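Here the structure is laid out as structure tokens; the discussion comes afterwards.
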Amino acid sequence: MTQTQRNELDPTFGVNGKLDVRPPGNFRNDLSNLALDATGRRLMIYGSYEREIPNLSIPGVGALIDDGAFDTRFGDTQDGLSTVPPVNLAASVSSIARLADGSFFVTGAAYSQLPLINYDQDGKFISIRDIAEGPQSSTPRLLGLDDKFLLATSNRSGGVVHRRHFDGEQDGSFGTAGIATFLTGNTYVSTLHMARSVNTTSFYLAGEVGNDGFILRMNDAGELDLDFADGGVYAVRMINARYTACRRVNELDNGKIVALINSSNIDNSAASYLICLTSTGQIDVTFNRGEPLRVPGEVGEDMTLQADGKILVAHRGVITANRLTRYFPDGGLDSEFGSDGSGSITFTDEQIGFVKSVMVQPDGKIVVGGTSGSVTTLLRLLA
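Under the UniProt record's numbering, the sequence shown has 142 at position 142, and the numbering climbs by one with no breaks.
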């Protein structure tokens with residue numbers, strides 16, 4: 001990988017900036033989702049792994065210290081990994097909600113169940129409960145809100161979002177008895193991402209409804225924000241697309257909303273885009289002249305923001321391979337990122353097999369998560 005000094009792999013992480021995650025037993029694992037703990041000092045990875053029994057995946061969260069080694073203060077067995085709860089309802093962790101006191105909740109897809117698993121700040125198991133009120137139609141997602149958290153899911157009548165206190169009990173001030181509904185009347189709703197508003201108590205849900213994508217804003221009471229887009233919902237459908245989904249959404253410091261969109265076209269080709277909305281949910285004409293910004297490759301996997309508002313997109317394609325591309329807040333390509341003025345870093349197959357996630361640490365270093373064969377691979381770039 002040829003690039004400028006600022007984009008080099010961090011030699012203090014793993015082996016020359018690359019870490020292949022190997023849990024006890026060195027079994028298969030996909031812990032490629034990334035997060036930080038409440039202090040911002042400990043890297044957390046989550047997904048699924050095999051612990052003692054090959055071919056039996058269990059939900060897992062791992063904690064790493066700065067050099068990439070497992071934090072042995074974390075987990076009930078003090079090996080840096082959470083253990084399977086007494087009653088295991090899901091094979092993988094789909095989402096995590098970190099709270100201000102350092103504790104966290106996780107959930108995962110389980111169809112007829114809706115598992116909610118609670119751990120303390122050191123990854124010690126506290127409790128598990130099933131809060132399902134019927135079969136689930138999509139993978140659940142979580143979002144931490146300091147001393148509360150949100151859980152979004154759906155049933156055959158539309159989307160459902162719960163808000164609960166730090167102890168897991170329902171927050172009666174939200175929606176109806178702690179539960180709000182959205183996109184009611186749609187038989188298929190899948191929330192792929194949730195994000196907090198930067199300057200208000202509102203929050204965003206993004207995903208897919210039917211064959212279209214959506215970006216939705218709710219207020220603190222669990223009601224659609226009627227000042228946003230069309231009655232609180234911005235519908236996304238790319239031209240000539242037979243399927244569109246909003247993969248990620250983030251609010252900039254100025255209140256504008258940037259989203260990563262994936263689409264499948266009528267000729268079966270795939271494409272990925274960035275779009276930007278104003279704070280009121282209208283197309284921002286200052287971002288790429290109001291047009292969707294085509295991202296290289298076919299699949300946009302993840303998007304995050306740097307402290308200065310620059311946009312990082314992790315994406316991959318058949319020809320373009322695994323890449324990380326950086327854009328300015330107005331959609332312009334940052335040619336100083338990567339090599340040869342391309343604005344992108346291309347990762348070799350030896351570095352990582354499939355890029356799946358990207359995150360920026362408080363010190364500005366960039367962590368990329370993915371898989372190589374049957375194990376998780378993490379790469380860390382210098383700030």
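In this text, a Cβ means the ideal position worked out from N, Cα and C, and glycines have one as well.
Since we're looking at a predicted model, the values are computed, not measured.
In the three-state scheme derived from DSSP, where H, G and I count as helix and E and B as strand, asparagine 55 is classed as coil. Contact between the segment 344-357 and the segment 254-273 is absent, with fewer than three C-beta pairs closer than 8 Å. Pairing valine 209 with leucine 151, the inter-Cα distance amounts to about 17 Å. The beta-carbon separation of alanine 206 and leucine 192, rounded to 6 Å, stays under the 8 Å limit for a contact. Taking a cut-off of 8 Å on C-beta distances, the segment 43-54 does not touch the segment 109-122, as fewer than three cross pairs fall below it.
A direct Cα-to-Cα measurement between tyrosine 188 and glycine 213 gives close to 12 Å. Between arginine 164 and the set Gly255, Leu99, Leu305 and Glu251, the nearest pair of CA atoms involves Leu99. When only Cα atoms are considered, glycine 232 and glycine 255 end up about 15 Å apart. Isoleucine 261 and threonine 371 have their alpha carbons spaced roughly 22 Å apart. Taking a cut-off of 8 Å for Cβ pairs, the segment 190-204 and the segment 236-250 touch, as three or more such pairs fall below it. Note: aspartate 212 is bridge-paired with Val209 in the DSSP secondary-structure output. Counting only the Cα atoms, threonine 153 lies some 15 Å from glycine 185. Taking tyrosine 204 as the centre and dropping the five residues before and after it, the same chain places the C-beta of Ala195, Arg217 and Val249 closer than 6 Å to its C-beta, in chain order. DSSP places asparagine 288 within a helical segment (H, G or I) once states are collapsed to three. A distance of 8 Å or more separates the beta carbons of leucine 142 and alanine 91. Counting C-beta pairs with one atom in each stretch, the segment 281-301 and the segment 309-325 have three or more that are closer than 8 Å, which means they touch. Linking phenylalanine 104 to aspartate 120 through their CA atoms gives a straight-line distance of about 6 Å.
About 19 Å separates the beta carbon of serine 95 from that of valine 87, a gap too long to meet the 8 Å contact definition. Collapsing the DSSP output to three states places alanine 271 in a strand. In this structure, arginine 326 and isoleucine 311 form a Cβ contact; the two beta carbons are roughly 7 Å apart against a cut-off of 8 Å. A straight-line Cα-Cα distance of about 25 Å links proline 292 and serine 339. For aspartate 302, the closest C-alpha among the options Met238, Asn33 and Leu116 is that of Asn33. In this structure, the beta-carbon distance from threonine 304 to methionine 359 falls below 8 Å. Residues of the same chain with a CB within less than 7 Å of the CB of glycine 75, apart from the 5 flanking positions on each side, are Leu81, Ser82, Thr83 and Gly123 in chain order. Judged by their CB atoms, aspartate 330 and phenylalanine 287 are nearer to each other than the 8 Å cut-off. When beta bridges are read from the DSSP output, phenylalanine 105 appears opposite Ala97 and Asn118. If you look at lysine 18, you'll find it in the beta strand (DSSP E) that goes 18-21. Annotation: the continuous beta strand (DSSP E) that includes tyrosine 243 extends over 241-251.
Straight through space, the alpha carbons of glycine 14 and alanine 69 are spaced by roughly 7 Å. Listed in chain order, the non-local C-beta contacts of tyrosine 234 below 8 Å within the same chain comprise Phe214, Ile215, Leu216, Phe228, Leu277 and Gly281, local neighbours out to five positions each way being set aside. In this chain, the beta strand (DSSP E) harbouring glutamate 301 covers 299-305.
Excluding sequence positions up to five before and after glycine 309, its CB lies within less than 7 Å of the CB of Leu252, Asp253 and Pro329, all in the same chain and listed in chain order. If you check the CB distance, glutamine 136 and leucine 116 do not come in under 8 Å.
Here the alpha carbons of glutamate 133 and glycine 159 stand approximately 13 Å from one another.
For the 8 Å CB-CB criterion, asparagine 240 and asparagine 211 do not form a contact. Beta-bridge annotation (DSSP): isoleucine 352 is not paired with any residue.
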